[in-house]
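Colleague: Submitted below is the structure of interest, expressed as structure tokens.
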Amino acid sequence: MKKIKTQQIIEVVKTMCIEANCILGEDIVAALTKTLTLEKSPMGKEIIKQLIENSRIAKEEKMPLCQDTGFTVIFLEIGQEVQIMGGDLDQAINEGVRQGYQEGCLRKSIVSDPFRRKNTGDNTPAVIHTTIVPGDRLKIVVAPKGAGSENMSEIRMLLPSEGLKGVENFVVDRVNRSGGNPCPPIIVGVGIGGTFEKCALLAKQALLRPLGTRNTDPFYADLEKNLLKKINNLGIGPMGLGGQITALEVFVDAHPCHIASLPVAVNIQCHSARHKEAIL
Ligand code: SF4
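Numbering-wise, the numbering used here comes out as the position in the sequence shown, counting from 1, plus 104.
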């Protein structure tokens with residue numbers, strides 16, 4: 105049995121909250137740089153250059169990439185042979201978030217109740233998704249999620265007879281209706297199958313995939329490519345001001361589903377696609 109102290113978890117989560125908010129992943133910077141040769145709109149090109157410059161300044165000066173430092177979404181994979189020592193795991197995660205947002209001078213964006221709307225003052229509670237897996241490792245992913253793109257996300261319970269065409273139409277229409285609101289170029293996470301809540305989780309987890317990768321199932325890999333092409337043909341462009349590059353990537357993940365269901369979720373991620381991973 106591997107023993108992991110809650111203090112270690114607090115420290116790691118604190119550091120990842122700061123790093124995730126200040127350092128854009130190399131895959132995203134590389135994808136943005138690549139689009140400079142593809143984007144034909146002068147305004148679109150200029151915006152992409154500014155996004156790349158923004159990521160450089162944020163990294164060098166340890167400043168947040170964006171004023172919206174997000175809802176802290178945490179994915180935990182806990183090995184069956186791991187024992188957490190020294191306190192409550194969820195409390196340790198939240199303490200790490202609290203310290204990270206405080207030390208990193210990151211905006212606190214969480215209100216304690218959807219109607220009474222009093223700011224909790226420390227960006228807690230985090231949304232924590234936990235999976236038990238074989239082995240003796242604890243994997244922690246910190247993924248701050250801004251509201252601008254999250255608000256453009258949607259679930260539909262399609263009829264199975266609506267099929268692939270129904271899914272494609274829904275995803276492309278969802279992006280089209282979003283326009284410039286989610287700060288394009290975006291990454292589109294699509295979850296298909298499972299139940300109402302499962303497809304939403306699939307869509308969110310799909311956003312964690314490194315840019316440039318494809319679903320290992322050729323059927324879904326083709327769907328990803330087709331959706332990306334259709335979305336970029338919409339002409340929304342960087343920051344919604346027109347152009348060829350509306351999305352950097354579309355990631356689709358699927359799950360077995362009920363004979364009478366075809367659930368589809370679209371989780372939209374802005375260009376400030378922040379996530380960090382640690383393994384203890
Ligand atoms: S959508 Fe993303 S880039 Fe735009 S304001 Fe929100 S977090 Fe920032």
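Glycine included, C-beta positions come from ideal geometry on N, C-alpha and C.
Please go through the same chain and pick out, in chain order, the residues whose beta-carbon is closer than 6 Å to the beta-carbon of S396, but skip the five residues on each side of it.
Modeller: With the chain represented from 105 up to 384, any question about residue 396 goes unanswered, as that position is not in the structure.
Colleague: Can you name, in chain order, every residue of its own chain whose Cβ lies under 6 Å from the Cβ of G129, other than the five neighbours on each side?
Modeller: none
Colleague: Kindly examine the ligand SF4 and report whether one of its heavy atoms sits closer than 7 Å to the Cβ of P168.
Modeller: No, the beta carbon of P168 sits no closer than 7 Å to any heavy atom of the ligand SF4.
Colleague: Taking only the alpha-carbon atoms, compute the straight-line gap between L169 and M343 and give it to the nearest angstrom.
Modeller: 15 Å
Colleague: Can we count H379 as close to the ligand SF4, meaning its CB is less than 7 Å from some heavy atom?
Modeller: no
Colleague: Determine the closest residue to A230 out of F219, G239 and I214, with distance taken between C-alpha atoms.
Modeller: Measuring from the Cα of A230, the nearest candidate turns out to be I214.
Colleague: Say the cut is 7 Å; is the CB of A325 nearer than that to a heavy atom of the ligand SF4?
Modeller: Because no heavy atom of the ligand SF4 lies under 7 Å away, the Cβ of A325 does not count as near it: no.
Colleague: Nearest by alpha-carbon distance to A162: which of F355, I122, C361 and N280 is it?
Modeller: I122
Colleague: For C209 and F323, what's the separation of their Cα atoms in angstroms?
Modeller: 44 Å
Colleague: Is any heavy atom in the ligand SF4 found nearer than 7 Å to the beta carbon of C126?
Modeller: no
Colleague: Relative to the ligand SF4, is the shortest distance from any of its heavy atoms to the C-beta of V250 smaller than 7 Å?
Modeller: Reading off the sequence, residue 250 comes out as Gly, not Val. Yes - the ligand SF4 has a heavy atom lying nearer than 7 Å to the Cβ of G250.
Colleague: If we ignore side chains and look at the alpha-carbon of each, how far apart do K243 and G190 end up?
Modeller: 18 Å
Colleague: Between V356 and F300, what straight-line distance do the alpha-carbon atoms span, to the nearest angstrom?
Modeller: Approximately 16 Å between the Cα atoms of the pair.
Colleague: Identify, in the order they occur along the chain, each residue of the same chain with its Cβ nearer than 8 Å to the Cβ of I158, setting aside the five sequence neighbours on each side.
Modeller: What sits at residue 158 in the sequence shown is Asn, not Ile. Excluding residues within five positions, the ones whose Cβ falls inside 8 Å are L169.
Colleague: Helix, strand or coil for T234 per DSSP?
Modeller: strand
Colleague: Taking the alpha-carbon positions, what's the A173 to K249 distance?
Modeller: Note on residue identity: the sequence assigns Thr, not Ala, to residue 173. Those two C-alpha atoms are separated by around 7 Å.
Colleague: Does the segment 223 to 239 come into contact with the segment 136 to 147, if we say contact requires no fewer than three beta-carbon pairs (one atom in each stretch) closer than 8 Å?
Modeller: no
Colleague: Just to confirm the assignment: which complete beta strand (DSSP E) runs, minimum length 3, are found wholly within the segment 155 to 211?
Modeller: 175 to 183 and 186 to 189
Colleague: Distance check for S282 and I349, CA to CA, integer angstroms please.
Modeller: 14 Å
Colleague: Under 7 Å: does the beta carbon of P286 sit that close to some heavy atom of the ligand SF4?
Modeller: yes
Colleague: Just checking: is the beta-carbon of E115 within a distance shorter than 8 Å of some beta-carbon in chain C?
Modeller: As a matter of chain content, chain C is missing from the structure shown, which is built from one protein chain.
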